[in-house]
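Protein chains in written order, with the working numbering: chain B, 21 to 361; chain P, 20 to 185.
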């Protein structure tokens, strides 16, 4: 789980990726619009998202669907596979994206019941954004932990576009540097989260000689994270080439099973996060990782992972955003594990 | 309800682990930064994460370090304790670290250059180690540092010693 600011986007010439999407009329009973992407249709009612494709259909509780859709939208289809659950999801090809049903589910695959279509990202993303806007009621924030938001149930009741269009934070060099992402404070609208009220807000001592004010710099990362208003949504805080420190605050459960196409690393900065690890292709369980403060673990490139945190926790997600990686992955040259020993 | 945030420290950490279902624990390269810092020499920069050329290194700050430099930016995050960071703008950075070199490099003796300033970092504080500068650390009591950098001549890799293998 993590993301980069701008995924490499290289839609091939002569692409056959689909571009047909359509926003369907408002349903007279529920007040929600339907949405069509190629052969997939999406509709919601008071409790569920209902997805149909040629030869199949599927139902997801709307709270789970909206939380997953929110991450897929916010992360720009992310790295690799975003499994909304064991059936529905997307695969990012960086410029194009596959929308699937059952593609990474052994039962669907073995029975030949899976279905997928490949879209131009620039066609599918606006449809997903319209869907999250239309289907999110005024009382619900899909970025928030369940105890910090209302419910998504019921017929159409306003919207929460302020929440679902949050701009993801991405420092260019480091948070707090002049002209870069600012630190978070009460004054700029970021109070400490209720579960991080005990995190010190002290500041580092910074003594810069004249002329070096822009380079002698430090900030309180833990205080910064304690003030995050979203969960499971990493933000870039420091950058060394393609190496991105993407810390985030985690509470309840990661709304997707993320099947990264590259290795990524997790360092638990505070509290505890438990990870369920499944095989990336089949979905079969492979391991559980119990990660406590100071623990480091690599997520291999051939798995999918889903995290759980009871007490809100701070997690450092570390990504390699090199534009060379998609090519290495496609050619099978990228390793599934970063380190062999 | 009142919540207590749990950070680890060199003196007090609780290590988790990989619970296997059908996998090899080495795939997860699982370690704990405080354990690594406690079992390494002062200022030894031990890689705990690696992704192609990029690394995350852990060091125990204790006493005063030698001077180091790097041709690209690095960042240091204090995970426990308190550490001073002294910064000098090198007169001739390429003499110590060629422009296309990667990772931190040691400087013999004191650096030639102009004083840039000083940082004092406590737990959770992240500071910039600017490209082309020389930096040195001082800690009165043991502290734990995390570096965001690139593999270089100072990077120590001892994965079998620090990672869960069974």
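C-beta atoms are modelled at their ideal positions from N, C-alpha and C, and glycine is treated no differently.
Assigned with DSSP and collapsed to three states, residue 86 of chain P falls in strand.
In the DSSP assignment, residue 346 of chain B falls within the alpha helix (DSSP H) that extends over 345-350. Distance from residue 50 of chain P to residue 182 of chain P at the Cβ level is roughly 5 Å; contact confirmed, criterion being Cβ atoms closer than 8 Å.
In the three-state DSSP reduction, residue 39 of chain P falls in the strand class (E or B).
Of all residues in the stretch 66-77 of chain P, those with a C-beta nearer than 7 Å to a C-beta of chain B are 67, 68, 69, 70, 71, 73 and 75, reading in chain order.
Contact annotation: residue 68 of chain B and residue 46 of chain B have beta-carbon atoms that are not nearer than 8 Å. Pairwise C-beta distances place the stretch 149-159 of chain B in contact with the stretch 173-191 of chain B, as three or more of them are shorter than 8 Å. Counting along the chain, the unbroken beta strand (DSSP E) around residue 73 of chain B starts and ends at 68-73.
Counting along the chain, residue 98 of chain P sits inside the beta strand (DSSP E) bounded by residues 93-99. The C-beta of residue 50 of chain P comes closer than 8 Å to at least one C-beta of chain B. Not flagged as an interface residue toward chain B: residue 159 of chain P, since no C-beta distance is shorter than 8 Å. In the three-state DSSP reduction, residue 178 of chain P falls in the helix class (H, G or I). Per the C-alpha coordinates, the member of P/62, P/70 and P/55 positioned closest to residue 319 of chain B is P/70. Counting every other CB atom within 10 Å of its CB across the protein chains shown gives residue 45 of chain P a total of 16 or more, marking it as buried.
In this structure, the alpha-carbon of residue 185 of chain P lies about 8 Å from that of residue 43 of chain P. Against chain B, a Cβ distance below 7 Å from residue 24 of chain P picks out 216, 218, 219, 290 and 291. Close to residue 84 of chain P, with beta-carbon spacing below 8 Å, lies no residue of chain B; the smallest spacing is near 17 Å. Where residue 103 of chain B is concerned, there is no enclosing alpha helix (DSSP H), although the beta strand (DSSP E) around it starts and stops at 101-103. By the neighbour-count definition (other C-beta atoms within 10 Å, threshold 16), residue 198 of chain B is an exposed residue. In terms of Cα proximity to residue 84 of chain B, the closest of B/103, B/94 and B/76 is B/103. Looking at the DSSP output, residue 272 of chain B sits in a beta bridge with B/329. Annotated as proximal: residue 238 of chain B and residue 226 of chain B, with beta-carbon spacing under 8 Å. At a cut-off of 8 Å between C-beta atoms, residue 311 of chain B counts as an interface residue with respect to chain P. Taking 8 Å as the cut-off, the beta carbon of residue 102 of chain P is found no closer than this to the beta carbon of residue 53 of chain P. Beyond the five residues adjoining it in sequence on each side, residue 106 of chain P comes within less than 8 Å, by CB distance, of 134, 135, 136, 137, 138, 148, 149, 152, 153 and 154 in the same chain, given in chain order. With fewer than 16 other CB atoms across the displayed protein chains lying within 10 angstroms of its CB, residue 35 of chain B is exposed.
If you look at residue 140 of chain P, you'll find it in the beta strand (DSSP E) that goes 132-140. Contact note: residue 32 of chain P reaches chain B through 312, 313 and 314, using a C-beta cutoff of 8 Å and chain order. Assigned with DSSP and collapsed to three states, residue 77 of chain B falls in strand. Listed along chain B are 224 and 238, each with a C-beta nearer than 7 Å to that of residue 140 of chain P. Under the three-state reduction of DSSP, residue 354 of chain B is assigned to coil, being neither helix nor strand.
Here the C-alpha atom of residue 88 of chain P lies approximately 56 Å from the C-alpha atom of residue 71 of chain B. Counting C-beta atoms within 10 angstroms of its own C-beta, residue 353 of chain B has fewer than 16 neighbours from the protein chains shown and is therefore classed as exposed. Rounded to the nearest whole angstrom, the CA to CA distance from residue 122 of chain P to residue 128 of chain B is 47 Å.
For residue 68 of chain P, the closest C-alpha among the options P/165, P/120 and P/114 is that of P/165. Those residues of the stretch 82-104 of chain B placed with their C-beta closer than 9 Å to a C-beta in chain P do not exist.
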